[in-house]
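2 protein chains.
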Amino acid sequence: MKTKAVFYHAGCPVCVAAEQNVAAALDRSRFDVEIVHLGQSKSRVAEAEKAGVKSVPALVLDGQPYHINFGAGIEVLR
Amino acid sequence: MKTKAVFYHAGCPVCVAAEQNVAAALDRSRFDVEIVHLGQSKSRVAEAEKAGVKSVPALVLDGQPYHINFGAGIEVLR
Numbered sequence: 000m001k002t003k004a005v006f007y008h009a010g011c012p013v014c015v016a017a018e019q020n021v022a023a024a025l026d027r028s029r030f031d032v033e034i035v036h037l038g039q040s041k042s043r044v045a046e047a048e049k050a051g052v053k054s055v056p057a058l059v060l061d062g063q064p065y066h067i068n069f070g071a072g073i074e075v076l077r
Numbered sequence: 000m001k002t003k004a005v006f007y008h009a010g011c012p013v014c015v016a017a018e019q020n021v022a023a024a025l026d027r028s029r030f031d032v033e034i035v036h037l038g039q040s041k042s043r044v045a046e047a048e049k050a051g052v053k054s055v056p057a058l059v060l061d062g063q064p065y066h067i068n069f070g071a072g073i074e075v076l077r
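Those protein sequences? They're chains A and B, same order as listed. Under numbering that gives the first Met the number 0, the first residue of the first sequence carries the number 0, and numbering increases by one thereafter. Under numbering that gives the first Met the number 0, the first residue of the second sequence carries the number 0, and numbering increases by one thereafter.
Listed below in structure tokens is the structure:
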């Protein structure tokens with residue numbers, strides 16, 4: 000049975016870059032990867048919080064939250 | 000050709016947990032994963048800094064740094 004992996008993001012460029020790289024790097028033969036846009040799926044914010052997510056982008060691997068802070072320069076957000 | 004993935008850590012329990020989960024979740028058929036203990040391999044700190052690593056644990060995927068902050072309770076560090 001595959002392990003559940005959920006990548007939560009909010010649609011910002013930093014999140015999307017992390018999603019495209021980190022989430023895409025996971026081994027799909029071992030992980031069921033779901034991408035959740037919390038800005039669009041507000042009903043899932045509670046679920047993310049329950050899993051321990053404090054910020055986005057975050058990856059919840061087998062129930063454990065990992066906050067991914069891309070070391071982005073402010074210029075990315077311009 | 001496989002993409003290079005380097006996971007930098009410093010041997011703390013939080014780093015090790017992240018290593019065992021995040022680094023292990025990467026698709027080894029697409030990524031050459033290297034684990035670097037910066038506490039033991041101080042000669043590689045400069046390399047990590049050059050890649051943009053500001054804190055550990057961090058994952059450098061194809062040259063891009065991702066800082067992984069596990070939402071650990073203080074009890075983990077006791």
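For each residue, glycine too, the CB sits at the ideal point set by N, CA and C.
Beta bridge counterpart(s) of residue i as assigned by DSSP
i, result
"A:Leu37", "A:Leu37 pairs with nothing; no bridge assigned."
"A:Gln63", "A:Leu60"
"A:Asn20", "Paired residues: none, contrary to the question."
"B:Val32", "B:Ala4"
CB contact check: residue i to chain B, cutoff 7 Å
i, result
"A:Asp26", "yes"
"A:Tyr65", "yes"
"A:Val21", "yes"
Between the CA atoms of residue j and residue i - distance to the nearest angstrom
i, j, result
"A:Val15", "A:His8", "7 Å"
"A:Cys11", "B:Met0", "30 Å"
"B:Val32", "B:Lys3", "6 Å"
"B:Ile67", "A:Arg43", "22 Å"
"A:Ala17", "B:Val13", "21 Å"
"A:Gly38", "B:Asp26", "28 Å"
"B:Lys104", "B:Ala22", "Shown here, chain B extends from 0 to 77; a query on residue 104 of chain B therefore has no answer."
"B:Phe6", "B:Ala45", "15 Å"
"B:Gly62", "B:Pro56", "15 Å"
"B:Phe30", "A:Gln19", "15 Å"
"A:Ala36", "A:Tyr65", "Note on identity: in this sequence residue 36 of chain A is His, with Ala being the wrong assignment. Straight-line Cα distance between these residues: approximately 16 Å."
"B:Ala47", "A:Ala47", "31 Å"
"B:Leu60", "A:Ser28", "20 Å"
"A:Ile34", "B:Gly51", "26 Å"
"B:Ala24", "A:Ala24", "8 Å"
Cutoff 7 Å: residue i Cβ touching any chain A Cβ
i, result
"B:Leu37", "no"
DSSP-derived helix/strand/coil call for residue i
i, result
"A:Lys3", "strand"
"A:Val55", "coil"
Residue i: contacting residues in chain E (beta-carbon distance under 7 Å)
i, result
"B:Asp31", "The chain labelled as chain E is not found among the protein chains of the depicted structure, namely A and B."
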